[in-house]
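Visitor: The structure that follows is given in the form of structure tokens.
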Amino acid sequence: MPRPRSILEVVEGLGSVQMDPTRRVARTEHLVLWSRLGRRFQVAELERLLWQERSLFEYRAFILPTSQLAVHRPTMRRYPSTSAGRHEYVRRYLRENQAFRRYVLARLRTDGPLPTRAFEDRSAVGWRTGGWNDDGRNSSMMLEVLWAKGEVMIAGRAGQERVWDLAERRLPSDGTRLAPGEEARRLLDTQLRALGISKINGFGMTFEGTRPPGWERALARLEREGRAVRVTVDGVPGERWAYADALDRSFRPRTVLLSPFDRLIHDRARTEALFGFRFRLEIYVPKAKREFGYFVMPILHGDRVVGRLDPHFDRAANVLRIDGVYAEPDAPADAWPAIRRQIDELAAWLGAGGVSLPPLPPVWRV
């Protein structure tokens, strides 16, 4: 398929782009967009779409297209919706802190947008879940809960600090509600389109990790319409679903470096089943126990994941350092020139003055 032409096209195609502040190379959402757009991707343009044009918005560690807001609004309205321990805790927390909630919303209505530190802690009962975010974070956690409910949204950042505003001022609020079953249909359609092929348990989940009402009928409807197709994959057990358009697209192979949080590989079991590539995130693994490195980027070469590399951007020296390059056992010998071009393109996009490479695996030594 042809390379996307814009940030908005990428995000609408994927449905969501995961965020993470780790900057070993660059923020993961920036790398996901760079992988698809190359040097055309500019961080300033992403911020313009988020904070000025508002065709994108940030929600719970993801960037989402505003055009799909109606699909996610029901999840926001239902939150906290399950009987799971944390949801039950949030319901109790909101009941015990109704005045605090009203204060936060009123303050935003009068003075917003505002950074987190602008809010006094007026909690009647503090946030206590036994986690890292308990102490002194009552204002932050109230904002997080109201964010999950779709009542407030991030309006920008002051440095690394989030700036908040009322959701009704940041995003369309025409009150339109989807017809029964349409939430499920659009969610299933968007997620399967982004994946191309998936097991039934790999798509159609809300941000709460639950199925929207009527999802089975919605999937049956997509099948009748010819948008979702049952398929099997040679050599891989079990039935899967494929997005019909993905089966008919012409394939234009490229070589790209993937963020370790990229949605193409975020489902580790799916990655191993379809690509034969075992991948684990090692950021939180002690250095001595890491197999490949801290921020390992898989290498997609055509329709195969052929290896991985462990890069970091040495900002003090202005050098992109590749601390390790690893080839899969069946990696093609002729893949290295394309991989090297991608490393150089990444360095150029970062503004690095040079690249430092380690010894290469035997199959890629020239």
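Under the numbering used here, the first residue of the sequence shown is numbered 118, with each subsequent residue one higher.
Even glycine gets a Cβ: it sits at the ideal position worked out from N, Cα and C.
Given this structure, state the Cα-to-Cα distance separating residue 229 from residue 193, to the nearest angstrom.
Guide: Here residue 229 refers to the residue found at position 112 when the sequence shown is read from its first residue. Here residue 193 refers to the residue found at position 76 when the sequence shown is read from its first residue. Cα-Cα distance, rounded: 21 angstroms.
Visitor: Using the three-state DSSP reduction, which class does residue 454 fall into: helix, strand or coil?
Guide: Counting from 1 along the sequence shown, the entry for residue 454 is found at position 337. Reduced to three states, the DSSP call for residue 454 is helix.
Visitor: Got a sec? Which residues, its chain only, sit under 7 angstroms from residue 127 by beta carbon, not counting five neighbours each side?
Guide: Position 10 of the sequence shown, counted from the first residue, corresponds to residue 127. The residues are 121, 150, 153 and 154.
Visitor: My output table needs one value for residue 174: the three-state DSSP class, helix, strand or coil.
Guide: Sequence index remark: in the sequence shown, residue 174 carries index 57 (1-based). Residue state, collapsed to three classes: strand.
Visitor: Cα separation between residue 266 and residue 257?
Guide: Your numbering for residue 266 matches position 149 in the sequence shown. Your numbering for residue 257 matches position 140 in the sequence shown. Straight-line Cα distance between these residues: approximately 14 angstroms.
Visitor: At which residues does the alpha helix (DSSP H) containing residue 374 begin and terminate?
Guide: What you label residue 374 is simply residue 257 of the sequence shown in a count that begins at 1. Where residue 374 is concerned, there is no enclosing alpha helix (DSSP H), although the beta strand (DSSP E) it sits in stretches over 372–374.
Visitor: Does the segment 309–328 touch the segment 267–285, meaning 3 or more C-beta pairs lie closer than 8 angstroms?
Guide: With a cut-off of 8 angstroms, the segment 309–328 and the segment 267–285 do not count as touching, because too few Cβ pairs lie within range.
Visitor: Tell me whether the segment 442–454 and the segment 419–428 touch, counting them as touching only if at least three CB pairs, one residue from each stretch, are closer than 8 angstroms.
Guide: Yes, the segment 442–454 touches the segment 419–428.
Visitor: Go ahead and pull the three-state DSSP assignment for residue 332.
Guide: Taking the sequence shown and counting its residues from 1, one reaches residue 332 at position 215. In the structure shown, residue 332 sits in a helix (DSSP, three-state: H, G or I).
Visitor: Taking the CB atoms as reference points, tell me whether residue 311 and residue 131 lie closer together than 7 angstroms.
Guide: Residue numbering aside, residue 311 sits at position 194 when the sequence shown is read from its first letter. Residue numbering aside, residue 131 sits at position 14 when the sequence shown is read from its first letter. Yes, these two residues count as a Cβ contact at 7 angstroms.
Visitor: Restricting to Cα atoms, I'd like to know which of 235, 222, 304 and 412 is closest to residue 333.
Guide: Mapped onto the sequence shown, residue 333 falls at position 216. Residue 333 has its Cα closest to that of 304, out of 235, 222, 304 and 412.
Visitor: If I measure Cβ to Cβ from residue 175 and keep anything under 8 angstroms in the same chain, skipping five residues before and after, which residues do I get?
Guide: Residue mapping note: residue 175 aligns to position 58 of the sequence shown, counting from 1. Cβ within range, chain order: 136, 167, 181, 270 and 271.
Visitor: Check this for me: beta carbons of residue 415 and residue 456, under 7 angstroms apart or not?
Guide: Reading the sequence shown from its first residue, position 298 is the one you call residue 415. Reading the sequence shown from its first residue, position 339 is the one you call residue 456. The answer is no: Cβ separation not under 7 angstroms.
Visitor: Excluding sequence positions up to five away, which residues of its chain have a Cβ less than 7 angstroms from the Cβ of residue 441?
Guide: Numbered from its first residue, the sequence shown carries residue 441 at position 324. These residues qualify, in order along the chain: 409, 410, 426, 427 and 475.
Visitor: When the Cα of residue 492 is compared with those of 397, 226, 171 and 451, which residue comes out closest?
Guide: Look at the range of the chain in this structure, 118 to 483, and you will see that residue 492 is not part of it.
Visitor: From the DSSP secondary-structure annotation, give me the bridge partner or partners of residue 444.
Guide: Position 327 of the sequence shown, counting from 1, holds the residue named residue 444. 424, per the DSSP bridge assignment.
Visitor: Going by DSSP, which residues form a beta bridge with residue 349?
Guide: Residue mapping note: residue 349 aligns to position 232 of the sequence shown, counting from 1. Its beta-bridge partners are 356.
Visitor: How many Å lie between residue 123 and residue 239 at the Cα?
Guide: Translated into positions along the sequence shown, residue 123 becomes position 6. Translated into positions along the sequence shown, residue 239 becomes position 122. Each residue's Cα considered, the two are about 44 angstroms apart.
Visitor: Indicate whether residue 348 and residue 357 have their beta-carbon atoms separated by less than 7 angstroms.
Guide: In the sequence shown, residue 348 corresponds to position 231, counting from 1. In the sequence shown, residue 357 corresponds to position 240, counting from 1. Taking 7 angstroms as the Cβ cut-off, residue 348 and residue 357 qualify as a contacting pair.
Visitor: Grab me the residues of residue 439's own chain with a C-beta within less than 8 angstroms of its C-beta, minus the 5 sequence neighbours each way, in chain order.
Guide: As a position in the sequence shown, residue 439 is number 322, starting the count at 1. These residues qualify, in order along the chain: 426, 427, 428, 460, 472, 473, 474 and 475.
Visitor: For residue 197 versus residue 208, is the C-beta distance shorter than 7 angstroms?
Guide: The sequence position of residue 197 within the sequence shown is 80, counting from 1. The sequence position of residue 208 within the sequence shown is 91, counting from 1. Their beta carbons are under 7 angstroms apart, which means residue 197 touches residue 208 by this criterion.
Visitor: Apart from the five residues on each side of it in sequence, which residues of its chain come closer than 8 angstroms, Cβ to Cβ, to residue 462?
Guide: As a position in the sequence shown, residue 462 is number 345, starting the count at 1. Hits under 8 angstroms: 155 and 156.
Visitor: Going by DSSP, name the residue or residues bridged to residue 278.
Guide: On the sequence shown, residue 278 is found 161 positions in, with the first residue counted as 1. According to DSSP, residue 278 bridges with 275.
Visitor: Assuming the contact rule is C-beta atoms closer than 8 angstroms, residue 236 and residue 219 should be a hit. Round their C-beta distance to whole Å, please.
Guide: Locating residue 236 in the sequence shown gives position 119, counting from the first residue. Locating residue 219 in the sequence shown gives position 102, counting from the first residue. About 12 angstroms; that fails the 8 angstroms criterion.
Visitor: Quick one: what's got a C-beta closer than 8 angstroms to residue 313's C-beta in the same chain, skipping five residues either side?
Guide: Sequence index remark: in the sequence shown, residue 313 carries index 196 (1-based). Answer for residue 313: 359, 360 and 363, listed in chain order.
Visitor: Taking the beta strand (DSSP E) that residue 180 belongs to, which residues open and close that run?
Guide: Within the sequence shown, numbered from 1, the residue matching residue 180 stands at position 63. Run containing residue 180: 179–182, per the beta strand (DSSP E) assignment.
Visitor: If we call anything under 7 angstroms between Cβ atoms a contact, is residue 417 one with residue 469?
Guide: As a first step, residue 417 is located in the sequence shown; it is residue number 300 there, counting from the start. As a first step, residue 469 is located in the sequence shown; it is residue number 352 there, counting from the start. Going by C-beta atoms, residue 417 is not nearer than 7 angstroms to residue 469.
Visitor: What number of angstroms, rounded off, separates the C-alpha of residue 324 from the C-alpha of residue 241?
Guide: Here the question's residue 324 lines up with position 207 in the sequence shown. Here the question's residue 241 lines up with position 124 in the sequence shown. So the alpha carbons of these two residues sit roughly 28 angstroms apart.
Visitor: Within 10 angstroms of the Cβ of residue 205, are there 16 or more other Cβ atoms? Answer buried if so, exposed if not.
Guide: Stepping through the sequence shown from its first residue, residue 205 is reached at position 88. It counts as exposed.
Visitor: Closest to residue 372 by CA distance: which of 449, 254 and 331 is it?
Guide: Working through the sequence shown from its first residue, we reach residue 372 at position 255. The shortest Cα separation from residue 372 among 449, 254 and 331 belongs to 449.
Visitor: Below 8 angstroms on the Cβ atoms is my contact criterion, and I expect residue 339 with residue 171 to pass it. Report the Cβ-Cβ distance as a whole number of Å.
Guide: As a first step, residue 339 must be located in the sequence shown, where it is residue number 222. As a first step, residue 171 must be located in the sequence shown, where it is residue number 54. Not really, about 29 angstroms apart at Cβ, beyond 8 angstroms.
Visitor: For residue 461, does the three-state DSSP call read helix, strand or coil?
Guide: Taking the first residue of the sequence shown as position 1, residue 461 is located at position 344. DSSP places residue 461 in helix when its eight states are reduced to three.
Visitor: For residue 484, which residues of its own chain have a beta-carbon under 6 angstroms away from its beta-carbon, when the five flanking residues on both sides are left out?
Guide: This structure gives no information on residue 484, because the portion of the chain shown stretches from 118 to 483.
Visitor: Is the separation between the beta-carbon of residue 300 and that of residue 329 shorter than 7 angstroms?
Guide: By one-based count along the sequence shown, residue 300 stands at place 183. By one-based count along the sequence shown, residue 329 stands at place 212. Yes. Within cutoff.
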